[in-house]
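For reference, the structure is listed below as structure tokens.
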Amino acid sequence: MAVARVESGLNPYAIGIVGVKKGLFPESKNQAITHVNQLKNQGKRYSLGLMQITSTNFKTYHVNDEQLFDPCTNLAVFEKIITDCYQRGGSLKRALSCYYSGNFSTGQKREETFNNTSYIERIGYKVPSVKEDKGELTKKFINKGNRPLSVSPSVVVYPSHFVRGDVQH
0 MAVARVESGL NPYAIGIVGV KKGLFPESKN QAITHVNQLK NQGKRYSLGL MQITSTNFKT
60 YHVNDEQLFD PCTNLAVFEK IITDCYQRGG SLKRALSCYY SGNFSTGQKR EETFNNTSYI
120 ERIGYKVPSV KEDKGELTKK FINKGNRPLS VSPSVVVYPS HFVRGDVQH
């Protein structure tokens, strides 16, 4: 869900245009198709739908513009791309970077355009702990007296724009 929120603002008709700062957010599938036809006529590269599938992937995954405005189809293509990225990259962090940019490093770099955050940070990715709990930290957090423990709230950083096409490569 976090990836979709960053990619499209959860708008199934979102259109990101490579090299253009502001994406398009049509209110209907028909409006979205009209915009896409204009982009195709102009020879532009673009990304579509919930997961912002880039036009260069359409042929590889046997889909077209109209199909990608269906959230289920869009998510199915996302699954194939992220799986391929994971198999090649070997970690979720590298796979997410690959999904964002086509390589394993760009998504991990901070971008001025997005309040100096990386794609990985914007989607809220946190590296899971792999250290075995030896009990020392656990002792510090044992709740004596059945009082509620104080927990610091999470901090989530959202970009000023949501569509992948907003970032100029």
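So for the sequence shown, numbering that gives the first Met the number 0 puts the first residue at 0; every next one is plus one.
The C-beta atom is built at its ideal place from N, Cα and C for all residues, glycine as well.
Note that the structure is predicted; figures quoted are calculated from it, not measured.
- For Y118, there is no enclosing beta strand (DSSP E); the enclosing alpha helix (DSSP H) has its first and last residue at Y118 to R121.
- In this structure, I14 lies near G22, with their beta-carbon atoms less than 8 Å apart.
- In the structure shown, Y60 falls within a coil segment according to DSSP collapsed to helix, strand and coil.
- Secondary structure within the stretch 18-78: the beta strand (DSSP E) runs of 3 or more consecutive residues, fully enclosed, are 45-47 (chain order).
- In the assembly as shown, C84 is a buried residue. Its beta-carbon has 16 or more other beta-carbons within 10 Å.
- The closest CA to that of G42, considering only L95, V2 and T55, is found on T55.
- In this structure F68 touches P11 by the C-beta definition: roughly 6 Å separates them, less than 8 Å.
- If the five residues before and after K28 are omitted, its C-beta is found closer than 7 Å to the C-beta atoms of Y12 and F68, all from its own chain and listed in chain order.
- Annotation: A13 is outside any alpha helix (DSSP H) and is labelled neither H nor E by DSSP.
- The residue from T112, E120, A3 and I32 with its alpha-carbon nearest to that of M50 is A3.
- Burial is judged here by how many other beta carbons sit within 10 angstroms of a residue's own beta carbon; E6 has at least 16 and is buried.
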